[in-house]
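Sequential numbering of the sequence shown, starting at 269, is according to my numbering.
Here is the structure we will look at, set down as structure tokens.
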Amino acid sequence: MTPRHFLEVDDLSPRELLDVLDYSEKSVSHFLTGRGVAMIFEKPSLRTRNSTEMAVVQLGGHPVYIQNDEITLDVRECTEDAIRVLQGYYSIICARVFKHQQLERMAAVADVPIVNLLSDEGHPAQALADLLTIRQCLGDVAGLQMTWVGDFSNVAFSLGLGLAMLGASTVYSCPNGYGPTEQSLDRIRRAATGTATVGVDPHPSSAVVGSHIVSTDAWYSMGQEAEKEVRKRAFEGFRVDASMMTGALPGAIFLHCLPAHRGEEVTDEVIDSAQSKVFPQAHNRMHTMRGLFAWFHAQGSIPRNAEVAP
Ligand code: CP
Ligand code: NVA
């Protein structure tokens, strides 16, 4: 059977996405006993590495963290050969990469599921946790509205896409030159169900009006550190503060994938407020990874690799 991969949220149907969220809240069975999950990281991580490792442990499996200096994709050997080797040992291969194309090349040769743990284009594993947090805090996702303030990052794309698939709308409020491309907006629109819309409003104060969720990300992502000073100037006015939050609906929640640069994209007052759900959101990273792996298992995507010699 050809395995399913998870390179972006829309690799799932809306029904499958809801199934993954449901699995995330179900009790655990040890279907990974005797099996391994490889995690390749070209960039650093706190949440993704630890939550994925512990999700695998909870499922009875063995996670192996592979740092980039050990594997150096396309330097020591080509990405395709590395995957052809690893899939003989592991039942799932997860990767955090600089270039999304690396994940596509992995998926093209893999006979085990490939999971995106963040690329330059998207962070769908984060979106799963965000959607679960929204559902736990606000109930049914359909009909909700999120305002995304700041950088149209990998997280901004995957979360807007996931929300649209579940019938929720997004308004992106980004500085000129740092907003969504037409191509990204089109992909979100194509995935939308129900009454979901996606739009842009460069003024955060009007963009937050009517929103149930306000979310942001760092002004400079991993790999963009050289642009830090230029970006800090461009994003002034896009800091989520208490006055911006009062423009959203009463009961609106604040989300951030973390790590946060406190005082830059968000004030201490907001991130430490009762409206902020950033720590349950971070903890849901583990539950949703377990949910994703359980969904792979339920629909037969995890082969029993490497258990007997062929
Ligand atoms: N949110 C997130 O992916 O955090 P890490 O970079 O620490 O994994
Ligand atoms: N946009 C951020 C997310 C970190 C989890 C980055 O890519 O660095």
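Just so you know, even glycine gets a beta-carbon here, dropped at the ideal spot from N, CA and C.
Apart from the 5 residues on each side of it in sequence, I521 sits with its Cβ closer than 6 Å to the Cβ of C405, I481, Q543, K545 in its chain, given in chain order. Ranked by Cα distance from I361, the options G519, S541, V439, L275 are led by L275. Inclusion of C525 in the 7 Å shell around ligand 1 follows from its C-beta lying nearer than that to a non-hydrogen atom of the ligand.
Separation of Q549 and S473 (C-alpha to C-alpha, rounded to the nearest whole angstrom) is 25 Å. Taking C-beta separations shorter than 7 Å and ignoring five residues to either side along the sequence, the partners of V277 in its chain run L285, P392, A395, S426, L429, G430, M433, following chain order. Between the beta-carbon of E533 and that of W487 there is about 5 Å, and that keeps the pair under the 8 Å contact cut.
In the structure shown, T463 falls within a coil segment according to DSSP collapsed to helix, strand and coil. Counting only residues of its own chain and dropping the five nearest sequence neighbours on each side, L289 has a CB closer than 8 Å to the CB of L396, L399, L400, R403, T556, G559. In this structure, G519 is the residue among S541, G519, V365 with its C-alpha nearest to the C-alpha of G407. For V477, the shortest separation between its Cβ and any heavy atom of ligand 2 does not lie below 7 Å. Within the region 506-575, the beta strand (DSSP E) runs of at least 3 residues that lie entirely inside it are, in chain order, 521-524. Only residues of its own chain outside the window of five on either side were considered, and among them F420, Y440, V468 have a CB closer than 7 Å to the CB of G447, listed in chain order.
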